[in-house]
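Chains as they are written, first to last, in full-length UniProt numbering: chain A, 1 to 248; chain B, 1 to 277.
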């Protein structure tokens, strides 16, 4: 079991506000790891700190054994780690065609045979080549999220950071995107780190999960524990109750 | 049960450069003092149905119906002035995201008082007191403090409670809630729903709950209308949801991941063209 992502005592603060307090996580290569919690629990900050979108003041981060603590992330990092964001309406450039959007990561990483790769990437996310010259505003939310996934997968990363990838979508579209992600993970042997507030989604997608609250990991458990209601923290129990819907 | 609202063959269409888009195509239902859920995907016409009843459809759209009646008022023939006096005082609407639906440059208390004083002749002191009482009714612990806050200073859950307070202060008989909890955290969702549930029951209002989440709606409402492509494909009591006959309803139910259910891949919705016919 080799570690894909190792986080030790990570601390992120924004001025006086501590968003992450000494969080430690270990994600094994090939596994799908979930993080649940409510708004403000620090779950998105954790992903952003890994991706380099937020800086962490203390702690260590290692990806595939390479240490990235306090060091600029190089191209190698971004070839290994890619991220898909929550809001497909906000994460695609509004004035670039799909073709241009997919070309960008290839150009950055100096990858050749762009033509074939773009066609293949679109095909993999279930969109035909006809979508290549569309703008993102011409697409539905589900189609945009497919493009965002294609953009992340096109540089053939090993680790995918998923920040609420389906919470802006309808339940029916969510099922399609989740299936697409699972398929991609099987085909490419990817490691997932997935953040969501929906326990149902996390237990479906992930083998292990961490429950976060106020910037701390309060409980780590497996999806099987969750299914058998073997949870110890009150907070996790509350999330479980909430996931079962409204009870009068 | 007295009928509060009758909708017969409601059609809402939008003329566009590329032809007419029929958002709602012949929706009919009646509503008493009960909780009705309207469920469907984006673009199914569920929100436009609610907006047409509220009178918030954009001006260029065409609304036709055999009947659109609230109590004894024909909403199709009502003047703009009459519609305006109904909106807020008799029919109220809760929108999805308090971040966008509250006025950002007006304090919470003032917004609530504004709603009240638009519909009722009350003095300043009394209006303030009633706004505070209303904030307390939606379980805001410290109404005096929240009264003077601005919307950006409160959390999403609290913002949505403020929204509910504002909508209920004039004592409407019909409340349309359009995805009232979709922007909120799961745990907060339940708190807001519980408050809504209690107030709707206490005041004996009619409620139309519009959402894409079939499971949530069915746990909250007495009856559910399932919409697809502008039409109602199935209507059933929430208790009988498991016995849904239409494939679309079953599909909506099945596509949700459940804790402990090992279904890979998840069943996806098949959309048959004949459902839209």
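The C-beta atom is built at its ideal place from N, Cα and C for all residues, glycine as well.
Since this is a predicted model, take the numbers as computed values, not measurements.
Burial is judged here by how many other beta carbons sit within 10 angstroms of a residue's own beta carbon; residue 21(B) has fewer than 16 and is exposed. Contact of residue 192(A) with chain B is not assigned, every C-beta pair being separated by 8 Å or more.
Think of a sphere of 7 Å around the beta carbon of residue 252(B): the chain A residues whose beta carbon falls inside it are 171 and 172, in chain order. Counting C-beta atoms within 10 angstroms of its own C-beta, residue 257(B) has 16 or more neighbours from the protein chains shown and is therefore classed as buried. Taking 8 Å as the cut-off, the Cβ atoms of residue 34(B) and residue 206(B) count as close. Under DSSP, the beta-bridge partners assigned to residue 11(B) are 25(B) and 64(B). Between residue 21(A) and residue 112(B), the alpha-carbon positions lie close to 39 Å from each other. Distance check between residue 146(B) and each of 115(B), 162(B) and 156(B) places 162(B) closest, using alpha-carbon atoms only. By the rule that beta-carbons nearer than 8 Å mark a contact, residue 223(B) does not touch chain A.
Distance between residue 242(A) and residue 133(A), taken at the CA atoms: about 42 Å. About 6 Å separates the beta carbon of residue 205(A) from that of residue 194(A), a gap short enough to meet the 8 Å contact definition. Around the CB of residue 174(A), 16 or more other CB atoms lie within 10 Å, so the residue is classed as buried. Less than 8 Å divides the Cβ of residue 40(B) from the Cβ of residue 226(B). 8 Å or more divides the Cβ of residue 149(B) from the Cβ of residue 195(B). Considering only beta carbons, no part of the stretch 121 to 139 of chain A lies closer than 9 Å to chain B.
Interface flag for residue 14(A) against chain B is unset, since no Cβ pair is found closer than 8 Å.
Each of 100(B), 96(B), 91(B) and 99(B) was checked against the Cα of residue 115(B), and the nearest Cα belongs to 91(B). Under the criterion of beta carbons closer than 8 Å, residue 176(B) and residue 259(B) do not qualify as touching, at roughly 32 Å. Note on residue 104(B): under 16 other CB atoms within 10 angstroms of its CB, so exposed under the neighbour-count rule. For residue 164(A), no beta strand (DSSP E) run applies, since DSSP gives it neither H nor E. Residue 33(A) and residue 272(B) have their C-alpha atoms some 36 Å from each other. Contact note: residue 268(B) reaches chain A through 172, 175, 176 and 179, using a C-beta cutoff of 8 Å and chain order.
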